[in-house]
Amino acid sequence: MSSKSRSYVSIACDNCRKRRRKCNGELPCHYCSGKNKPCVYDKTKDKRRRRVDLVYVDYLEHKYNNLLNFVKRIRSTTKDERLRAQCNEMLANNDPKFIDNKDLGLSNDESTHNNQSDKQQKEIIQLDNPMDELVSMKWELKFDESGNTKFLGPPVRQVDRCLVKDSMVAMEDPERVSYFNETVLADTEFMKELINTFFQNLLPFNLVLEEINVDEITREITSMTGKRSCYEAVSCLHLLALAILAYGFSILPKDHPYFQNLNGWNPFLSIVERSLFKLLRKSSHTTTGNLIDHSHIVYTILIITILHLGNYDESQAWVYSSILCSQIQHVGWNVSTDYPSESNDLSKFRSKLFWNCLVVEKISASMFGRSSPINFRQLLTDFYTSETKDINELVFQFNSKLWFIYDKFMGQVYSFHFNTQNKMLYKKVLMTATQSFQDFQGFMNQYLPLNETNLDNQNIILLHLTFHVFLLLIIRPYMKMPEIAGSIFQKSISITEQCYILINQYNSKFGNGVTTGWYNCHYGFLLYQVSVFLLCAIPVHDSVGPPGQHNVLIQRLHLFLQCLKNGSKYLPVYNVYYQTLLNIFNNMTLDEEISILVRQAYENESIEVKTSSVEKEDLVLDFDQDWQSYVNSLNLELNQDVYSYLEEGILDML
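The numbering used here runs 630 ahead of the 1-based position in the sequence shown.
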């Protein structure tokens, strides 16, 4: 009989690889053991080993566990019960949910009645404890009709459940096209108004847009209006000019005559989407080609992505977010910013543009859940650093770092397997996250403090508001831990007070609507997160916090709801958030007195809004401190001696 054949593997040792021999993968292998040579395996040379994102690994583990539970439940039932359950599932809902939420044990009418009563009991329990849904770390996986998957977590689950999208789509017809070419394009003053609206509304936290040459855009639009017809973009600069006009047109008031005559159709957006991929193919044939064309393309995709985010058009926003990330990686801006024969100014511009796109991608991921198409966890590009100490560049630099820290810790807190770990890991992550936020706040208060001078800068106020909302989202899940729940809740209430002060002060200075850039998708996301926490915290405030302070919380809620309602006149995303909060309130069980107060806040009854002043902070620290000192703290490398003081340190830190 022939001997048993060896089991060969794809990874060979160094000796077998040099001599192109088959290696059995053992240590030592058959060749090295026969020749008495050292057997070394260098796994770094195996190019087939690709880096896999940890989020995707968690998703596969989560999916595997649910499929395994599903198989066990199927095997425990009879064939008739399985067929009946499958029929009931197909008839109940065309949009499949998580398998765990299915009712598979429907053997008779009595069991069906019992399952329905159990469902009702669970809903009643959930309504009696509204904070359970708020602090839950449960993630869901949703499938659409096309088979695409989407992650839904605590920040976005409520929005997705009560969202009813409008299926009416404005189609291009000859009458509207003729009206657009003959009337809209001929109105030069209206074109200038759209340009001014774009720069005033989209400029906060988008410092890279300052690099756009306004004179070139104006000349391009002037030449376009002289032709009295426009059907597609002929150049990358022309495409960028149309994207700017498309954004300005999308935030027009609904009672504008052009908006009404075109029946909500955005002609500039249609032209951009029709011409984008053609110009993208032409400009992407080389990665180190024309930097101007590459930047114009990235500018355009960046603007269109933010436009769809403001309209809460989830599918389109994710398409352009994917294209944006792919284009950045295609030209290699996420790997390095050093190119031969490139000036220092161009290198800084490239870095600034990359980090601006990264922030927009993280905003879309936070608004729609953890379904980011491309992950930037392996970054070789350095943080954008400002040498001129310009105030706007400092805001941009701080904002990009803040989003990076927030995304890093949210990915750990709201991971699939995190809730299966012990409490020590919970506290470890909270300890490190809070320390990182404290280090960041120290630098922010030093260079961008909220004094009387900086209160006139809307970007600085929005940066401080973003910081407080992110800190609220980071510590919110820890309210389910009994030993620190009270301290976390009190800290969260104080954070909402700071948000109330910031929003109230800004409204008193820049409360002129869309012309001041106040109503954008980023601000709507921040308002919604603070509002949903306050709404869920009102019925449980007496049991955790000081009793009888509902009026204070409702007063803050009234201001946030008023901002959301005012913003709904310009961007649909504000109306989505407002209706979501109203849906949450209608499903809550509140005392009659508290319910009346909250209802008055929704109906915009007269509630006194008090203003508070922010004291000037005078800190002296060296700005040239190494930012990597607190970025390295994201690696969660703590000594063993720290573990025994974790709980005390967290309480002292909060």
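From the three backbone atoms N, C-alpha and C, an ideal C-beta is built for every residue, glycine too. Note that the coordinates shown come from a computational prediction; the quantities given were computed from them, not determined experimentally.
Under 8 Å between the Cβ atoms of Leu1194 and Thr1096?
Residue 1194 sits at position 564 when you count from the first residue of the sequence shown. Residue 1096 sits at position 466 when you count from the first residue of the sequence shown. No, these two residues do not count as a Cβ contact at 8 Å.
Going by beta-carbon coordinates alone, are Phe1163 and Leu764 separated by less than 8 Å?
The residue given as residue 1163 occupies position 533 in the sequence shown. The residue given as residue 764 occupies position 134 in the sequence shown. Result yes, Cβ atoms of Phe1163 and Leu764 sit closer than 8 Å.
Excluding the 5 residues preceding and the 5 following Phe1155 in the sequence, name in chain order all residues of the same chain whose CB lies nearer than 6 Å to its CB.
In the sequence shown, counting from the first residue as 1, residue 1155 sits at position 525. So the qualifying residues of the chain are Met997.
Within the continuous alpha helix (DSSP H) that includes Pro804, where are the two ends?
Within the sequence shown, residue 804 is the residue found at index 174, counting from 1. Element bounds for Pro804: Pro804 to Tyr809.
Closest to Asn986 by C-alpha separation, out of Phe810, Ser1117 and Leu839, would be which residue?
What you label residue 986 is simply residue 356 of the sequence shown in a count that begins at 1. Here the closest residue by C-alpha is Leu839.
Which first and last residues belong to the alpha helix (DSSP H) in which Trp948 is found?
The residue you call residue 948 lines up with position 318 of the sequence shown. Counting along the chain, the alpha helix (DSSP H) containing Trp948 begins and ends at Glu944 to Val961.
Quick check: the Cα distance between Asn645 and Glu656, rounded to an integer number of angstroms?
Numbered from its first residue, the sequence shown carries residue 645 at position 15. Numbered from its first residue, the sequence shown carries residue 656 at position 26. Distance between the alpha carbons of Asn645 and Glu656 is about 13 Å.
So, helix, strand or coil for His886, using DSSP?
Against the sequence shown, residue 886 aligns to sequence position 256. Here His886 sits in coil by DSSP.
So Ile931 and Cys1151 are supposed to be a Cβ contact under 8 Å. How far apart are they, rounded?
Residue 931 sits at position 301 when you count from the first residue of the sequence shown. Residue 1151 sits at position 521 when you count from the first residue of the sequence shown. Actually they do not touch by this definition, with Cβ atoms about 16 Å apart.
Within 10 angstroms of its Cβ, does Lys648 collect 16 or more other Cβ (buried), or is it exposed?
Counting from 1 along the sequence shown, the entry for residue 648 is found at position 18. Under this definition Lys648 is an exposed residue.
The alpha helix (DSSP H) with Pro658 in it runs from where to where?
On the sequence shown, residue 658 is found 28 positions in, with the first residue counted as 1. Neither: Pro658 is in no alpha helix (DSSP H) and is coded neither H nor E.
My guess is that Ser1030 and Tyr1056 are in contact by the Cβ rule of under 8 Å, so how many angstroms apart are they, rounded?
Locating residue 1030 in the sequence shown gives position 400, counting from the first residue. Locating residue 1056 in the sequence shown gives position 426, counting from the first residue. Not really, about 28 Å apart at Cβ, beyond 8 Å.
Considering only C-alpha positions, which residue in the set Pro658, His660, Ile1035 and Val902 is nearest to Val1059?
Counted from its first residue, the sequence shown places residue 1059 at position 429. The shortest C-alpha separation from Val1059 is found at Ile1035.
Just how far apart, CA to CA, sit Met1061 and Glu1113?
For the purposes of this step, residue 1061 is taken as residue 431 along the sequence shown, with counting starting at 1. For the purposes of this step, residue 1113 is taken as residue 483 along the sequence shown, with counting starting at 1. Their backbone Cα atoms lie some 15 Å apart in a straight line.
DSSP three-state label for Tyr1136, please.
On the sequence shown, position 506 is the one that residue 1136 refers to. Helix, per DSSP.
Please report the distance separating the alpha-carbon of Cys955 from that of Ile993.
Locating residue 955 in the sequence shown gives position 325, where the first residue counts as 1. Locating residue 993 in the sequence shown gives position 363, where the first residue counts as 1. Going from the Cα of Cys955 to the Cα of Ile993 covers about 13 Å.
From the DSSP output, in three-state form, read off Thr1083 for me.
Along the sequence shown, read from residue 1 onward, the residue named residue 1083 stands at position 453. Residue state, collapsed to three classes: coil.
Determine the extent of the alpha helix (DSSP H) in which Thr1210 is found, giving its start and end residues.
In the sequence shown, residue 1210 corresponds to position 580, counting from 1. It spans Pro1202 to Asn1216 - the alpha helix (DSSP H) in which Thr1210 sits, taken as one unbroken run.
Rounded to whole angstroms, what is the Cα-Cα separation between Leu697 and Ser706?
Counting from one through the sequence shown, the residue named residue 697 turns up at place 67. Counting from one through the sequence shown, the residue named residue 706 turns up at place 76. Each residue's alpha carbon lies about 14 Å from the other.
Among Glu991, Asp1020, Met1218 and Leu867, which one has its Cα closest to the Cα of Leu909?
Within the sequence shown, residue 909 is the residue found at index 279, counting from 1. Minimum Cα distance to Leu909 is reached at Leu867.
Suppose the cutoff is 7 Å on Cβ atoms and the five residues either side in sequence are ignored; what does the same chain contact list for Leu869 look like?
If you number the sequence shown from 1, residue 869 lands on position 239. Same-chain partners within the cutoff: Ala863, Val902, Ser905, Leu906, Leu909, His926 and Thr930.
For a test of the three-state rule: what should DSSP assign to Gln1185, helix, strand or coil?
Position 555 of the sequence shown, counted from the first residue, corresponds to residue 1185. Gln1185 falls in the helix class under three-state DSSP.
DSSP on Glu1113, reduced to helix/strand/coil?
Translated into positions along the sequence shown, residue 1113 becomes position 483. Coil, per DSSP.
Less than 8 Å between CB atoms is the rule here; does Ile927 satisfy it with respect to chain B?
Of the protein chains in this structure there is only one, and it is not chain B.
What did DSSP end up calling Asp1037 once you bin it into helix, strand or coil?
Taking the sequence shown and counting its residues from 1, one reaches residue 1037 at position 407. Asp1037 falls in the helix class under three-state DSSP.
Taking 8 Å as the threshold (C-beta atoms), are Arg806 and Leu882 in contact?
Reading the sequence shown from its first residue, position 252 is the one you call residue 882. Reading the sequence shown from its first residue, position 176 is the one you call residue 806. Contact flag unset, no.
Are the CB atoms of Leu875 and Ile851 within a distance shorter than 8 Å?
Translated into the one-based positions of the sequence shown, residue 851 becomes position 221. Translated into the one-based positions of the sequence shown, residue 875 becomes position 245. Cβ atoms of Ile851 and Leu875: closer than 8 Å.
Using only the alpha-carbon positions, how far apart do Ala873 and Tyr1208 sit?
In the sequence shown, the residue the question calls residue 873 occupies position 243. In the sequence shown, the residue the question calls residue 1208 occupies position 578. Those two C-alpha atoms are separated by around 28 Å.
Return the chain-ordered list of same chain residues with a C-beta closer than 6 Å to the C-beta of Ala1063, the five sequence neighbours on each side being excluded.
Walking along the sequence shown from the start, residue 1063 turns up at place 433. Answer for Ala1063: Phe1039 and Ile1104, listed in chain order.
Since I believe Leu1101 is in contact with Ile1125 (beta carbons under 8 Å), could you give me their beta-carbon distance rounded to a whole number of angstroms?
Translated into the one-based positions of the sequence shown, residue 1125 becomes position 495. Translated into the one-based positions of the sequence shown, residue 1101 becomes position 471. With a Cβ gap of about 6 Å, Ile1125 and Leu1101 count as contacting.
For Arg1186, is the classification buried or exposed, using 16 other Cβ atoms within 10 angstroms of its Cβ as the cut-off for buried?
Along the sequence shown, one-based indexing puts residue 1186 at 556. By the neighbour-count rule (16 or more Cβ atoms within 10 Å), Arg1186 is buried.
Starting from Ala863, follow the alpha helix (DSSP H) in both directions and report where the run begins and ends.
Your numbering for residue 863 matches position 233 in the sequence shown. No alpha helix (DSSP H) holds Ala863; DSSP gives it neither H nor E.
In whole angstroms, what is the alpha-carbon distance linking Met854 and Glu944?
Against the sequence shown, residue 854 aligns to sequence position 224. Against the sequence shown, residue 944 aligns to sequence position 314. Met854 and Glu944: Cα-Cα distance of roughly 31 Å.
Report the CB separation of His1094 from Leu1080 in whole angstroms; it is logged as a contact under 8 Å.
Taking the sequence shown and counting its residues from 1, the one referred to as residue 1094 is at position 464. Taking the sequence shown and counting its residues from 1, the one referred to as residue 1080 is at position 450. Confirmed, about 6 Å.
What residue from Ile1091, Asp1069, Glu812 and Ile933 has the CA that sits closest to Leu899's CA?
For this step, residue 899 is matched to residue 269 along the sequence shown. Checked all of Ile1091, Asp1069, Glu812 and Ile933; the closest Cα to Leu899 is Ile933.
Taking the C-alpha atoms as reference points, what is the distance between Val620 and Leu1201?
The structure shown does not extend to residue 620, since the chain spans only 631 to 1284, so no value can be given for it.
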